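Here the structure is laid out as structure tokens; the discussion comes afterwards.
2 protein chains.
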Amino acid sequence: MSLGEFDLIARYFDRPVRRSPLGIGDDCALLAPSPGMQLAVSTDMLVEGRHFLSTVAPDRLGHKALAVNLSDLAACGARPLAFTLALSLPRAEAPFLAGLARGLFALADRHDIELVGGDTTSGPLNLCITVFGEVPAGGALLRSGARPGDELWVSHPLHDDEPGWLGDARLALEVFRGTPGLHVPGEAFERLRLAMECPQPRVALGQALRGLATSTIDISDGLMGDLSHVLKRSGAVHGEAGRPLGARLEADWLPRSPLMRAQDDGRQLECLLAGGDDYELLFTAAPERHEAVLAAGRHSATGVRRIGHLTTGGGLEVVGHDGQRLATPWASFDHFRA
Amino acid sequence: MSLGEFDLIARYFDRPVRRSPLGIGDDCALLAPSPGMQLAVSTDMLVEGRHFLSTVAPDRLGHKALAVNLSDLAACGARPLAFTLALSLPRAEAPFLAGLARGLFALADRHDIELVGGDTTSGPLNLCITVFGEVPAGGALLRSGARPGDELWVSHPLHDDEPGWLGDARLALEVFRGTPGLHVPGEAFERLRLAMECPQPRVALGQALRGLATSTIDISDGLMGDLSHVLKRSGAVHGEAGRPLGARLEADWLPRSPLMRAQDDGRQLECLLAGGDDYELLFTAAPERHEAVLAAGRHSATGVRRIGHLTTGGGLEVVGHDGQRLATPWASFDHFRA
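Protein chains in written order, with my numbering: chain F, 1 to 338; chain G, 1001 to 1338.
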């Protein structure tokens, strides 16, 4: 890129740093977690066509790039502190950069975190954010603590007309793809699109679940896929020999938006269980902490819904209202069962 | 990517973590700097065609992706601890991934650091590494501490036949480009190519310069361009009103390889001063610390050469053996002079 283009990037992304000992512009950023705290680190790379469509508004892209990283911090119960941004751009255009920065910093400000470093290059559009948070030493929420008998929970928006319900991002993608048989009135589509383009990381809930949830993960690859990660990692710790950790999911208990309820049963189940890009928290807790989990939801202004429980030896099964096991043909669990 | 491809990536990149409280496979990695230490963080993104040629061997690409990040830690005087890797790949091919991992982990092992997290996606080839090091609180080497009268130094290999001399990476690039008028015998080309593809980050020297160098930067954009960053940032702190911080560089003092000495004078100067991709350390120190700087070089088994000194009001000038100012037409310093 030309010097002028680098200046353009500096104009939109170089903001004064308030808390870090050293800000953008030196070789490294310096971070110091508070005494007794560990630093939680996560990195996510977003590529056009895979993580966002070329039609996305730049401010929503900026929002999403940071949101998916904050969602990882939420799943660890960490308090967000700072982030770095590495950006590859085909060309530096003022309206695009201005929009990207606007969406990025609006979400950063909402979580009181700052951009402490980065890198910019010319190349195919690619955004790589690394995010830093802090968590009390030994207090991070992991994927590995689930036990047989634990209740299984998922987070959700508080109100029907709030965007971001489980499966809605996938429903939006199907609309973009022109999949036939969808029931989405035009005026409702914007809410679906917000679910896909502007996920809300459950940062406050993650922190409220510290010391309460036995395992936590954020749903990025679809509920069943991410649940299989938890079962695999927790099973290695708490499973019994020859009887791997499993889960029984009650399909009717899954939270869903009014738009989702208007779809065919099969479509609903696929979007809810194998959708992906949800960024809700999926977590487990002991049954005796049921009321405490509901209270954590209230305190963090986040909906929480029990959707099943953990088992031994039963694999991952989804049952309908009559207790009959439902077919879940769209997800492969070879990786987990191996 | 298919599940099989993710398995392939896991095969090459999932290694047991030794020191970090939590390794790859959870939502976040956890890091805890030692008491009294700050965490130094840097992120660099490598894109095909801009940072490496499509002809590069995968193990050298793996080496370089980590090396350019370690070089930033070196420039801060930090001790490397860990890194994350985000990787976008057009397709997952075993020979490529095996080579990439081999080069990456060979360098990681040499510096006793570990991969603590990452992300993989399909897309145009792109490697984004974020590296973590620790440095005593308040002890990081910065770009902003240079003062008028300070001596200006650059690092270099210890022996003529060791690859990685200043400007050699640029000379290799010119050979690849087929630039006419170059004097590079075939058997010597491999050494030039190593300079470009396998830079050696000056990590030990960086740590030895703590408390000694007044400013440090690693040369990635060319010596004059990077020096201008130091002058700009240090000038804002230590410059006098109306008399910005400058530097006088003695062209004949610049360290160079035998191959470089065989080039035309003009070519030499351009490669040495405006080459880029060098990853040597450029630093300043008070004249009374001259012997201590030489000792730091010896202790870290790294060559160090004085190449000039800092001035006030003189801008950035390069002089020949007769003290005549030389023209440096290939670098624009508008950004700095502004």
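We put the CB at the ideal spot given by N, CA and C, even for glycine. Nothing here was measured: the structure is a model prediction, and the numbers come from that model.
Asked	Found
Within-8 Å CB hit, Ile-219 (chain F) to chain G	no
Unbroken stretches of the alpha helix (DSSP H), 4 residues or longer, contained in the stretch 194-242 of chain F	203-208, 223-238
Spatial distance of His-1159 (chain G) from Thr-1302 (chain G) (CA atoms)	10 Å
Min CB distance Ala-40 (chain F) to chain G below 8 Å	yes
Against chain G: residues of the stretch 28-55 of chain F by CB proximity under 9 Å	Cys-28, Ala-29, Leu-30, Leu-31, Ala-32, Pro-33, Pro-35, Met-37, Gln-38, Leu-39, Ala-40, Val-41, Ser-42, Thr-43, Asp-44, Met-45, Leu-46, Val-47, Glu-48, Gly-49, Arg-50, His-51
Within-8 Å CB hit, Ser-122 (chain F) to chain C	In summary, chain C is missing from the structure at hand, where the protein chains are F and G.
Whole-number beta carbon distance between Glu-1151 (chain G) and His-1290 (chain G), since they are thought to touch under 8 Å	6 Å
Closest residue to Leu-988 (chain G) among G:Ala-1208, G:Gly-1099, G:Gly-1308 (Cα-Cα distance)	The structure shown does not extend to residue 988 (chain G), since chain G spans only 1001 to 1338, so no value can be given for it.
Reduced DSSP secondary structure (H/G/I, E/B, other) of Gly-49 (chain F)	coil
Short CB-CB distance (under 8 Å) between Ser-1228 (chain G) and chain F	no
Rounded distance between the beta-carbons of Leu-1316 (chain G) and Gly-1235 (chain G), thought under 8 Å	Not a contact, Cβ separation roughly 11 Å.
7 Å Cβ cut-off: residues of chain G touching Cys-128 (chain F)	Met-1045, Ala-1086, Cys-1128
Arg-143 (chain F) at chain G interface by Cβ criterion, 8 Å	yes
His-1156 (chain G) in three-state terms, based on DSSP	strand
CA-to-CA distance, Asn-1069 (chain G) to Thr-1199 (chain G), given in whole angstroms	A quick correction: the sequence has Pro, not Thr, at residue 1199 (chain G). Approximately 11 Å, taken between the alpha carbons.
Rounded separation between Leu-1272 (chain G) and Asp-1265 (chain G) - CA only	11 Å
Nearest candidate by alpha-carbon position, reference Arg-1177 (chain G), set G:Arg-1193, G:Gly-1164, G:Glu-1187	G:Arg-1193
Thr-1311 (chain G) to Gln-1038 (chain G) span [Cα, whole Å]	32 Å
Bridge partner(s) assigned by DSSP for Asn-126 (chain F)	F:Val-47, F:Ser-88
Neighbouring residues, chain G, relative to Cys-76 (chain F) (Cβ below 7 Å)	Asp-1027, Cys-1028
As assigned by DSSP and simplified to three states, the class of Ile-1307 (chain G)	strand
Extent of the continuous beta strand (DSSP E) to which Ala-98 (chain F) belongs	Here Ala-98 (chain F) belongs to no beta strand (DSSP E); instead the alpha helix (DSSP H) covers 94-110.
8 Å Cβ cutoff, Ala-137 (chain F) in contact with chain G	yes
Partners in chain G for Asp-119 (chain F), counting only beta-carbon separations shorter than 7 Å	Thr-1043, Asp-1044, Met-1045
Rounded Cβ spacing between Leu-1223 (chain G) and Leu-1282 (chain G) (contact assumed at less than 8 Å)	6 Å
Between the CA atoms of Arg-1325 (chain G) and Leu-1085 (chain G) - distance to the nearest angstrom	45 Å
Chain-order list of residues whose beta-carbon lies under 6 Å from that of Ser-71 (chain F) (same chain, five-residue window excluded)	Pro-201, Asp-218, Tyr-279
Within 7 Å of chain G by C-beta, residues of the stretch 85-111 of chain F in sequence order	Ala-86, Ser-88
Given 8 Å, three or more beta-carbon pairs between the stretch 124-138 of chain F and the stretch 1049-1065 of chain G	no
Reduced DSSP category for Ser-42 (chain F) - H, G, I as helix; E, B as strand; rest coil	strand
Closer than 8 Å at the beta carbon, the chain F residues around Asp-1014 (chain G)	Within 8 Å Cβ-Cβ: nothing; Asp-1014 (chain G) doesn't reach chain F, min ~13 Å.
8 Å Cβ cutoff met for Gly-308 (chain F) and Glu-250 (chain F)	yes
Where Glu-1317 (chain G) sits in the DSSP three-state scheme	strand
Test: Leu-73 (chain F) CB closer than 8 Å to a CB of chain G	yes
Residue-chain proximity (Val-116 (chain F), chain G), Cβ-Cβ < 8 Å	yes
Residues that Ala-1169 (chain G) contacts on chain F, provided the C-beta gap is smaller than 9 Å	Result: empty, since nearest Cβ-Cβ is about 17 Å, beyond 9 Å.
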